[in-house]
Amino acid sequence: MNAFIRRGDFWSGLTLVALGAYIVKEAWSWEYLTVDGPGPGFFPLWYGGAMIGLSLLLVAGAVLKSDSAAPQKHVNWSELRRVLTCWAAFVACIALLNVLGFVVSFALMTWFIIAVLFRKSQRLAIGLAVGGALGFYALFSLALGVALPAGFLF
Amino acid sequence: MDTLSGLLQGFDVALSGTNLAMCIVGVLLGTVIGVLPGLGPPATIAMLLPLTMRLEPTGAMIMLAGIYYGAKYGGSTTSILLNVPGESASVVTCLDGYQMARKGRAGAALGISAIASFIAGTLGVVGLMLIAPPLAQLSLAFSAPEYFALMVIGLAMVVLLSGESLTKGLLAMLVGLWIATMGTDLFSATSRFTFGQTALLGGIDFIVVAIGIFAIGEVLANMEPQEPAGMLPVPKGLKNLLPTWQDMKDCRFAFVNGSLVGFIVGILPGAGSTIASFLSYGIEKAVSKHPEKFGTGAIEGVAAPEGANNAETAGSLVPLLTLGIPGSGTTAILLAALVLWGFKPGPLFISDTPALFWGLVASMYIGNVMLLILNLPLVAVFAQLLKIPAYAMYPLILGMALVGVYSDSSSMFKLGLLALFGALGYAMRKLHYPAAPLVLGLVLGDAMERALRQSLMMSQGDISILFRPIPAGLLLVAAVLLIVPLFKKFNAMRVQVLDQKA
Chain R
1 MNAFIRRGDF WSGLTLVALG AYIVKEAWSW EYLTVDGPGP GFFPLWYGGA MIGLSLLLVA
61 GAVLKSDSAA PQKHVNWSEL RRVLTCWAAF VACIALLNVL GFVVSFALMT WFIIAVLFRK
121 SQRLAIGLAV GGALGFYALF SLALGVALPA GFLF
Chain W
155 MDTLSGLLQG FDVALSGTNL AMCIVGVLLG TVIGVLPGLG PPATIAMLLP LTMRLEPTGA
215 MIMLAGIYYG AKYGGSTTSI LLNVPGESAS VVTCLDGYQM ARKGRAGAAL GISAIASFIA
275 GTLGVVGLML IAPPLAQLSL AFSAPEYFAL MVIGLAMVVL LSGESLTKGL LAMLVGLWIA
335 TMGTDLFSAT SRFTFGQTAL LGGIDFIVVA IGIFAIGEVL ANMEPQEPAG MLPVPKGLKN
395 LLPTWQDMKD CRFAFVNGSL VGFIVGILPG AGSTIASFLS YGIEKAVSKH PEKFGTGAIE
455 GVAAPEGANN AETAGSLVPL LTLGIPGSGT TAILLAALVL WGFKPGPLFI SDTPALFWGL
515 VASMYIGNVM LLILNLPLVA VFAQLLKIPA YAMYPLILGM ALVGVYSDSS SMFKLGLLAL
575 FGALGYAMRK LHYPAAPLVL GLVLGDAMER ALRQSLMMSQ GDISILFRPI PAGLLLVAAV
635 LLIVPLFKKF NAMRVQVLDQ KA
């Protein structure tokens with residue numbers, strides 16, 4: 001496999017080329033100039049074009065620097081898995097807010113992070129999850145009057 | 155209103171019970187987040203911003219500013235005791251601060267850091283008070299073309315100074331501009347980049363992007379396992395924290411250097427406190443009679459950068475409040491806060507809202523005194539915060555982010571966007587894309603497009619309106635700022651080639 005394929009710059013550059021192309025395509029369908037002056041397509045067309053140019057430069061840089069002798073920084077998959085698991089727990093917490101409400105969803109997320117990701121004891125994880133959730137409820141809902149997402153349970 | 159009467163009015167505002175309490179909360183919170191590595195002022199201010207919508211704006215602004223400059227005081231504690239900067243501006247303090255602590259002089263290092271921060275922070279506020287009003291007067295002559303050029307220069311400087319890759323900085327800024335243009339175009343009522351979602355017609359809230367990128371992105375980045383660092387002990391008792399008379403004498407120039415360099419660098423949009431502290435350290439070393447001691451525990455090497463990063467805070471408020479141009483991620487969030495409260499930072503800000511401006515200035519004098527009092531005797535207490543385990547802190551940050559976004563909009567859609575921007579923030583960190591240009595592009599994008607379109611409407615599409623003397627000068631400066639690194643790069647490449655040939 002070519003060295004540049006493993007570079008973040010190469011893939012992020014390609015993603016931004018695609019985003020720039022999308023911006024230009026959309027801006028093209030809006031008016032560029034109106035009788036009153038620049039239209040809604042004016043500004044996006046310019047920055048979309050600049051985005052394509054700069055991201056192509058980034059991609060070209062990644063390809064040209066793809067010297068196999070250069071030290072490569074490999075993706076640490078176990079680290080990435082841990083990060084993605086945490087992010088998934090956060091997304092799941094958001095998805096559950098309308099069903100279980102903030103207090104229960106937040107407690108579940110906290111328990112998951114402490115017990116599963118940090119491998120701490122169940123006693124500690126449950127204690128901090130319940131304490132944290134009730135603390136948030138007491139501070140924001142009761143003391144400050146902030147409306148927290150409510151579900152069927154709480 | 156002259157400076158003295160303005161300041162008296164400011165103290166009247168800042169010394170009211172509520173505002174004093176807000177100032178205490180702000181500086182205390184700032185110190186705490188400054189001490190905690192991995193949680194910076196932008197993330198904290200972004201998370202608290204939605205909650206401050208319920209507060210009176212002057213008090214809320216006093217609190218948010220307190221967090222901003224309070225964090226600079228707290229940041230040195232971990233640099234000195236752990237060799238880990240609490241926030242980016244305290245990186246340089248590690249060089250001599252940690253060495254002093256290793257030699258048993260942690261108390262003197264912590265003490266001189268607090269004293270330098272107090273002196274430079276206070277002198278910075280004096281500078282803000284004296285320079286902001288005349289600068290605002292001067293900029294009253296500005297109209298749409300001048301504003302457009304100012305925003306271009308602001309963005310250009312941030313991009314220039316935001317990391318190792320200029321291309322990545324520019325791309326991050328363009329993504330920010332793209333997010334800023336999402337929603338309904340106010341000139342033509344055209345829906346732009348809404349993906350057919352009615353929830354996007356009003357655009358994407360700045361708060362969602364800022365909390366996602368700074369707070370969630372930070373938590374995700376810190377989920378990667380890290381080696382725990384060993385903390386050096388904090389000396390007990392105020393007496394052991396006070397520097398000696400000789401230390402104070404040795405730091406005379408460092409106090410002045412830190413104050414001046416920090417304030418001047420702060421005024422320049424995009425330079426930031428990290429550059430201010432590096433610059434003042436470099437100057438201090440260059441003029442020192444014993445430069446060889448720097449890096450081995452020279453007390454001036456702690457005083458100069460710590461002073462500079464505190465004076466920079468006041469300096470950075472000058473362009474923010476008088477021109478509406480933020481110079482960093484944190485000041486961009488403060489600008490968003492002012493706009494959300496219904497204020498318009500710019501030339502008329504001081505004359506339209508004197509109570510807010512002068513109240514803020516006076517609160518910064520008070521806040522700096524509070525921080526000196528807090529940081530000298532209570533440093534051991536703050537150091538205990540470093541013992542809070544990551545597994546307890548991260549869920550709290552995620553919870554705060556959820557509450558912050560939900561309390562602002564009660565929208566589940568925005569919580570979904572929060573998760574998306576969190577992932578983006580993490581990806582940006584891993585791929586070395588700077589976050590500050592994105593946030594600035596987002597904050598300035600809308601106003602920049604408006605200024606550009608208003609300018610071209612004024613001239614009926616004639617672009618020469620942007621080449622009137624003031625905007626032309628500013629655009630020229632922006633162009634130079636963007637071109638110079640290309641030459642530097644070219645030069646570096648040339649030198650590299652020459653080396654290889656040799």
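Top line first, the protein sequences correspond to chains R and W. The numbers in the first sequence follow this note's numbering, run straight up by one, and end at 154. The numbers in the second sequence follow this note's numbering, run straight up by one, and end at 656. The C-beta atom is built at its ideal place from N, Cα and C for all residues, glycine as well.
Practice task
Note down, in chain order, each residue of its chain lying with its Cβ closer than 7 Å to the Cβ of W/Ala369, except the 5 sequence neighbours on either side.
Solution key: If we look at W/Ala369 and ignore the five residues flanking it on each side, its Cβ neighbours are Ala197, Ala200, Met201, Ile551, Ala555.
Handout entry: Cβ-based burial, W/Val702 [other Cβ within 10 Å; buried from 16]
Key = Because chain W is modelled from 155 through 656, residue 702 of chain W falls outside the range shown and cannot be assessed.
Problem - Coarse secondary structure for R/Arg7, derived from DSSP in three states - result: If DSSP states are grouped into helix, strand and coil, R/Arg7 belongs with coil.
Exercise for the section: Assign W/Thr352 to one of three DSSP states: helix, strand, or coil. Expected result: Note: W/Thr352 maps to helix in three-state DSSP.
Practice task
Output the distance between the C-alpha atoms of W/Val597 and W/Val559, rounded to the nearest integer angstrom.
Solution key: Distance between W/Val597 and W/Val559, taken at the CA atoms: about 17 Å.
Problem - Alpha-carbon to alpha-carbon, W/Leu304 and R/Leu54 - result: Looking at the two C-alpha atoms, the distance is approximately 23 Å.
Exercise for the section: Starting from the Cα of W/Ile358, find the closest Cα among W/Ser434, W/Ser345, W/Glu466, W/Met336 and give me that residue. Expected result: Checking every option, the nearest Cα to that of W/Ile358 belongs to W/Met336.
Exercise for the section: Determine the extent of the alpha helix (DSSP H) in which W/Glu657 is found, giving its start and end residues. Expected result: In the structure as shown, chain W starts at 155 and stops at 656, and residue 657 of chain W therefore has no counterpart that could be examined.
Problem - Element boundaries [alpha helix (DSSP H), containing R/Met51] - result: Run containing R/Met51: 42–64, per the alpha helix (DSSP H) assignment.
Practice task
Using a Cβ-Cβ cut-off of less than 9 Å, give me the residues of the region 596–618 of chain W that come near chain R, in sequence order.
Solution key: The residues in question are Gly599, Met602, Glu603, Leu606, Arg607, Gln608, Ser609, Leu610, Met611, Met612, Ser613, Gln614, Gly615.
Problem - Span separating the alpha-carbon of W/Ala486 from that of R/Thr34 - result: So the alpha carbons of these two residues sit roughly 32 Å apart.
Handout entry: At least three beta-carbon pairs within less than 8 Å, the region 603–620 of chain W to the region 402–419 of chain W
Key = Flag = no, the region 603–620 of chain W and the region 402–419 of chain W do not touch.
Problem - R/Val103 and R/Ala125 closer than 8 Å at C-beta - result: Not in contact: R/Val103 and R/Ala125 (Cβ atoms no closer than 8 Å).
Exercise for the section: Check the Cβ-Cβ distances between R/Ser121 and every residue of chain W, and say whether any is below 8 Å. Expected result: For R/Ser121, the answer is no, since every Cβ of chain W falls outside 8 Å of its Cβ.
Practice task
Would you kindly work out how many angstroms separate the C-alpha atoms of R/Val130 and W/Ser271, rounded to a whole number?
Solution key: Their backbone Cα atoms lie some 40 Å apart in a straight line.
Problem - Distance between W/Gly188 and W/Gly228 (C-alpha atoms, nearest Å) - result: In this structure, the alpha-carbon of W/Gly228 lies about 4 Å from that of W/Gly188.
Problem - W/Gln654 to W/Pro288 span [Cα, whole Å] - result: Since pLDDT at W/Gln654 reaches only 45, below the 50 mark, its modelled position is unreliable, and the value read off the structure follows with that caveat. About 54 Å.
Handout entry: Residue-chain proximity (R/Phe90, chain W), Cβ-Cβ < 8 Å
Key = R/Phe90 belongs to the set of residues whose beta carbon lies under 8 Å from a beta carbon in chain W.
Handout entry: Rounded separation between W/Ile453 and W/Gly194 - CA only
Key = Cα to Cα, W/Ile453 sits roughly 26 Å from W/Gly194.
Exercise for the section: Below 6 Å CB to CB, which residues in the same chain sit around W/Ala458 once its five sequence neighbours on both sides are set aside? Expected result: Taken in chain order, the residues that qualify are Ala408, Asn411, Gly412, Ser434, Tyr435, Glu438.
Problem - W/Glu210 - containing alpha helix (DSSP H), residue span - result: Where W/Glu210 is concerned, there is no enclosing alpha helix (DSSP H), given that its DSSP letter is neither H nor E.
Problem - Which listed residue (W/Thr172, W/Tyr252, W/Val179) has its alpha carbon closest to that of W/Gly449 - result: It is W/Tyr252.
Problem - Beta carbon proximity, W/Tyr227 to chain R, threshold 8 Å - result: Chain R has no Cβ within less than 8 Å of the Cβ of W/Tyr227.
Problem - Where W/Phe347 meets chain R, residues with beta-carbon distance less than 9 Å - result: Ordered by position in chain R, the residues that pass the 9 Å Cβ test against W/Phe347 are Tyr22, Ile23, Glu26, Pro44.
Problem - Own chain partners of W/Ala581 with C-beta closer than 7 Å, once the 5 adjacent residues on each side are dropped - result: Excluding positions up to five away in sequence, the list is empty.
Problem - CB contact check: R/Phe140 to chain W, cutoff 8 Å - result: R/Phe140 counts as touching chain W.
Practice task
For W/Gln608, count neighbouring C-beta atoms within 10 Å of its own C-beta (all shown protein chains included) and say buried if the count is 16 or more, exposed if not.
Solution key: Of the residues assessed, W/Gln608 falls on the buried side of the cut-off, its CB having 16 or more other CB atoms within 10 angstroms.
Practice task
Inspect the beta-carbon positions of W/Met611 and R/Gly39 and report whether they are closer than 8 Å.
Solution key: With respect to R/Gly39, W/Met611 sits apart: the two C-beta atoms are not nearer than 8 Å.
Handout entry: Pair within 8 Å by beta-carbon distance, R/Ile114 and R/Leu96
Key = For R/Ile114 and R/Leu96, no; Cβs fall outside 8 Å.
Exercise for the section: Could you tell me whether the Cβ atoms of W/Gly420 and W/Thr467 are closer together than 8 Å? Expected result: It is a contact, given that the beta carbons lie within the stated cut-off.
Problem - DSSP three-state assignment for W/Leu540, whether helix, strand or coil - result: Here W/Leu540 sits in helix by DSSP.
Handout entry: For W/Val472 and W/Ile178, believed in contact at Cβ under 8 Å, the rounded distance
Key = Not quite, the Cβ-Cβ distance comes to about 25 Å (not below 8 Å), so this is no contact.
Problem - Within-8 Å CB hit, R/Ala147 to chain W - result: Yes, because at least one Cβ of chain W sits closer than 8 Å to the Cβ of R/Ala147.
Exercise for the section: Answer yes or no: does any C-beta atom of chain R fall closer than 8 Å to that of W/Phe341? Expected result: For W/Phe341, the answer is yes, since a Cβ of chain R falls inside 8 Å of its Cβ.
Exercise for the section: Taking all protein chains shown into account, decide if R/Arg7 is buried (16 or more other Cβ within 10 angstroms of its Cβ) or exposed. Expected result: R/Arg7 should be labelled buried.
Practice task
Return no unless some Cβ of chain W is closer than 8 Å to the Cβ of R/Gly37.
Solution key: Against chain W, the CB of R/Gly37 has a partner CB under 8 Å away; the residue lies at that interface.
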